[in-house]
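The listed protein sequences correspond, in order, to chains A and B.
Everything in the first sequence is counted per the working numbering, starting at 491 for the first residue and increasing by one.
Everything in the second sequence is counted per the working numbering, starting at 491 for the first residue and increasing by one.
Just so you know, even glycine gets a beta-carbon here, dropped at the ideal spot from N, CA and C.
Notes follow the structure.
Protein chains: 2
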Amino acid sequence: MNLKDLASLLGLSPTTVSRALNGYPEVSEQTRLRVFEAAAQHGYVPDPRARSLATGRAKAVGLVIPVDSRHERVNPVFGDFVAGASDTLWARGYDIMLTLTSEANEANSYRMLAARGRVDGLVIQAPLIHDWRIGVLRELGLPYVVHGRFSDEDQTYSWVDMDNRRAFRRATEHLLNLGHTRIALLNGIRGMDFAERRADGFLQALRARGLEPPPEYLCNSRMTETYGYDAATSLLRSEMPPSALLTSSVIVAMGARRAIETQGLRMGRDVSVITHDDVLTYLLNDGTPPVFTAIRSPVRDAAELAIENLLTLIEDPSAGPIQTLLEAELVPGGSSGPAPTNPPHGRTRDAYQI
Amino acid sequence: MNLKDLASLLGLSPTTVSRALNGYPEVSEQTRLRVFEAAAQHGYVPDPRARSLATGRAKAVGLVIPVDSRHERVNPVFGDFVAGASDTLWARGYDIMLTLTSEANEANSYRMLAARGRVDGLVIQAPLIHDWRIGVLRELGLPYVVHGRFSDEDQTYSWVDMDNRRAFRRATEHLLNLGHTRIALLNGIRGMDFAERRADGFLQALRARGLEPPPEYLCNSRMTETYGYDAATSLLRSEMPPSALLTSSVIVAMGARRAIETQGLRMGRDVSVITHDDVLTYLLNDGTPPVFTAIRSPVRDAAELAIENLLTLIEDPSAGPIQTLLEAELVPGGSSGPAPTNPPHGRTRDAYQI
DNA sequence: GACGCCATTCAAAGCGCTTTGGGAAAGCGA
DNA sequence: TCGCTTTCCCAAAGCGCTTTGAATGGCGTC
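Spelled out as C-alpha cells, the structure:
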C-alpha cells in the first residue's frame, strides 16, 4: 500500500493525500479526516526513504561509537546514552542509526561518510585526545555534537560534557578536607579526553595543598572490576599505602572495594573511596545513603542535552556551536570517611610531601 | 556531487557510471577504472536513500531493544550484542538502525512499523514470556530473528538462543556433585523467557535427586549488584542458609560475593557460587582461573549468529525459519568447591528434603 | 452577468539512484 | 561485402514521496 494506491482508493490525488497526512492547511477538514481514516484502516505508513529523498531530510541521527579494536570493547556508557537519547528522538520523529568505528583505518572514514544522506546529524561518543574522526566530520559537513570534548581541537564545535576537571578537583578536595593526604587515582586509559581532564583536576587539588602524588598513585587502565581490584591491592600492599582512592567508574570502585575487604580493611573507615558515577542502569549506586560516595553525572542527562542540541543544529545550522558544560554532584555515601589516624597494616608513614 | 554530476564530468551516462561502480560486467575495465578514480577523487558516495528506493533493499537491519519503562533500564546485553553484530554487518554493507520500545503502548507498534522500508530485517532482543511484539512482527512481513525465544509461541520462527535450561541443569548438577544440596537460585525477573527456562533447568536437576528447594531459594529480580548482595545476605542469614548460589549474571554474582565476604565467609569454601556469564566486556570474568565458576555463553557469538541468520533470511526469505541453539560452557573458577561439612554460622541443619 | 477571490484539489516535475530494453560500433566468419 | 554476434554504452522509466504552479468550482460583489 503506497500513497498512490491510497489516493486512488479515496478518489483523490496523491498530492492531496500527502498534504492531508502532513497537516498542510490547503485541505478541507472533512477530506483530512477521510484520509486519516483510510490510512489507519489500511495500515498505510509513508515510506521513509522516499520521503527522505523528496524532502532532503533523513529524519534520523547517527550515533558514532568507537570500538576499542584491540579489546573489542564497546563503550559501556553507550547503552544508557541511547536510552537517554531515545525519548526525545522518538518524540521528534527521528530514528537512530548506529555506526561503530574501530580505531583509525581508512574504511572507517568511508563508514562515516556513508552516513551522509542517511542521517541529518551525528553524535560522537568518547572522543580521544587525538581523534581521527574530527577530520571526517569536518569533511562531511553534517551537524554534529560531541559527547565529551576533543582536547586538541581549538576550533569551535558543539559539545556536551561534564566538568571532569572540576568534579575530580572537588572530590579530591573533599578527601583532603577529611584529612586524607595519600590519595590515589584509578583513572581510565590514557588517550581518552576525559581521563586527562580528571587527572588534571586531581593534581590541581593536591598541588593547591602542596602535595605531589608519587607516580604509582596515578593508575591508568580500561575500567574493569579486575583493574580496580588489582590496582587497589597493589597500592594497599605497597610501601606507602593510600588512605583514599578516587576511581573513574563504579565498576572500578567495586573492584577496589573487593581489594579493601580482602585485606581485612573496611571501606569508609580504613580506606575511603570516591568514585565517578555515570548512573548506568546496570551499575546503580543507589540506596540511602548510596554505597559509594560519588561524583555523579548521569549519562542520560548528557544524552538528552546532546540530542536536544543536535536537533537544534539540524533545524537551524546557523545556530552556531552549542557547548554545554554539566556539573557533577557530589553525593555522600558510605565509602568515605575521615582519614584514619593510624594507617592500616600497622605501618606508620608520613604523608608524602612535595 | 551526485551520480549525474559525476557522469557528465566523465562524459558518460549515469547508467554506465552506476554499472561501473556496482560491478556489472557490461562495462569495459578501462572505463570502470576511470569511474572509480573520479569517484574517489571527488569523494562521491551514492545516496543510500535513492539507492534503497530504486533497489527495494534498504541495506540496513533494525535492532529492537526493549526498555523497561518503569525502571528506564536498557538491556545490559545490548552493547555487546551490537559489537558482535557490527563486524558482519559492516562487511556485508549493512547499517544498524535502533528502535527502542518500552512496554506495550500503541505508539510502539507504529514505531516498529515505521521501520518498514528503512530496514530489510529485524533482530528482536530480550523476548518476554508474552511478548506483544510478535503480533507486530507478523504483520510487518519483514524477516526477523529473535535473540532468545518467545515461550508461548508455537509457530515456527527464527531464533538464536543458548540452552538456558540445560546450562542451569548442568550447573546445578555440578554443585550437587560437589555435595551441595542447599542451592539457591538468584534469577532474573519473572516474565523474561530466559529466566523461566533457567528456573526450569535448576529445578529439573534438583528434583532428579529428589530435592525440592524451599520457595525462598528461588529469587527473582532485576539483575543488579545490590540485588545480589541483598538476596545473598538474607539467604545466608536465614534459618536454612544455602551452601551454594546460582546467579543469573556476573553482576549479581559480584553482589553475592560481597554478601558472602561481608559475613566473614569465604566464597568457594564456605559458600559456592556459579554464575551465568554473557561475557560482557565491561564485566569480564577472566583470569586463570576466573574469579567465578561460570556457565559461559558469549553474547557476541549469539549476536554474530543472529545476524548471519538474518542476512540469510533477507537474501532468501524462503530459507525458512532458522533456529540455532547454543551450548554454554561450564568454566571452572575459584568460586565453587566441595560443600562444607560444617555449615557456616555454626548452625547444623539437614539438607532440605522433598 | 462578469469579475475577483477564496477554498480545494490536481498534474507534473523532481529527489538520486537502478534497471530494462535497446542501439551503435566493432569484430568475425562466410 | 554482408549478416551476425559481442562489446560497450545510453535513454528513459520507475522506486514513493513532496512540492510547485495551475486548475476548478463556488461564492459574494459590483
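query, result
"N-terminal and C-terminal residue of the beta strand (DSSP E) that D879/A is part of", "The structure shown does not extend to residue 879/A, since chain A is modelled only from 491 through 844, so no value can be given for it."
"Presumed contact (8 Å Cβ cut-off) between V650/A and L612/A, rounded CB distance", "Contact doesn't hold; Cβ gap of about 13 Å is too wide."
"For A792/B and L500/B, the rounded distance between their alpha carbons", "46 Å"
"C-alpha distance - L815/A paired with M652/A, whole-angstrom precision", "5 Å"
"C-beta neighbour in chain A for A784/B, strict 7 Å", "no"
"Cβ-Cβ distance between A829/B and S733/B below 7 Å", "yes"
"Option nearest A528/A by Cα separation, candidates W580/A, N492/A, G552/A", "N492/A"
"Stretch-stretch touch, CB-based, cutoff 8 Å, three pairs: the stretch 692-705 of chain A with the stretch 758-773 of chain B", "no"
"Length of the line joining the Cα atoms of Y514/B and A530/A", "42 Å"
"Beta-carbon neighbours of E751/A, restricted to chain B and to distances below 7 Å", "E751"
"Helix, strand or coil at I804/A according to DSSP, with G and I counted as helix", "helix"
"Contacts around L447/A, its chain only, beta-carbon distance under 6 Å, and the 5 residues preceding and following it disregarded", "The structure shown does not extend to residue 447/A, since chain A is modelled only from 491 through 844, so no value can be given for it."
"Cα-Cα separation between A575/A and L725/B, rounded to whole angstroms", "39 Å"
"Sufficient close CB pairs (3 or more, under 8 Å) joining the stretch 706-720 of chain B to the stretch 669-685 of chain B", "yes"
"Below-7 Å beta-carbon distance, G638/A vs any chain B residue", "no"
"Beta carbon of P779/B nearer than 7 Å to that of G823/B", "yes"
"Straight-line gap, R790/A to A573/A (C-alpha atoms, nearest Å)", "7 Å"
"Near-chain A residues of the stretch 570-587 of chain B (beta-carbon distance less than 8 Å), N- to C-terminal order", "D570, V572, A573, S576, W580, D585, I586, M587"
"At least three beta-carbon pairs within less than 8 Å, the stretch 740-757 of chain A to the stretch 767-776 of chain A", "yes"
"Coil, strand or helix - M713/B by DSSP", "coil"
"Where Q694/A falls: helix, strand or coil (DSSP)", "helix"
"Separation of Y719/B from R727/B, as counted between CA atoms", "12 Å"
"Beta-carbon proximity list for L439/A, same chain, < 7 Å, skipping 5 on both sides", "The shown model of chain A, from 491 to 844, leaves out residue 439/A, and the question about it has no answer."
"Assigned secondary structure, Q520/A (DSSP; H/G/I helix, E/B strand, else coil)", "helix"
"Residues in the stretch 512-538 of chain A having any Cβ partner in chain B nearer than 9 Å", "G533, V535, P536, D537, P538"
"One or two residues paired with M682/B in a DSSP bridge", "L618/B"
"Residue-chain proximity (P566/A, chain B), Cβ-Cβ < 7 Å", "yes"
"DSSP state of Q753/B mapped onto helix, strand, coil", "coil"
"Cα-Cα separation, R839/A to Q694/A", "A caution first: R839/A carries a pLDDT of 46, below 50, which makes its placement in the model unreliable, though a value can still be read off. Taking the straight line joining both Cα atoms gives about 24 Å."
"Where A734/A sits in the DSSP three-state scheme", "strand"
"Integer-rounded CB distance, given that R659/B should sit under 8 Å from G691/B", "4 Å"
"Buried or exposed (CB count within 10 angstroms, at least 16 for buried), K494/B", "exposed"
"Chain B within 7 Å of T545/A, Cβ atoms only", "no"
"Short CB-CB distance (under 7 Å) between A698/A and chain B", "no"
"First and last residue of the uninterrupted beta strand (DSSP E) at S592/B", "585-592"
"Candidates T752/B, V551/B, L618/B, of which the one nearest I586/B by Cα", "V551/B"
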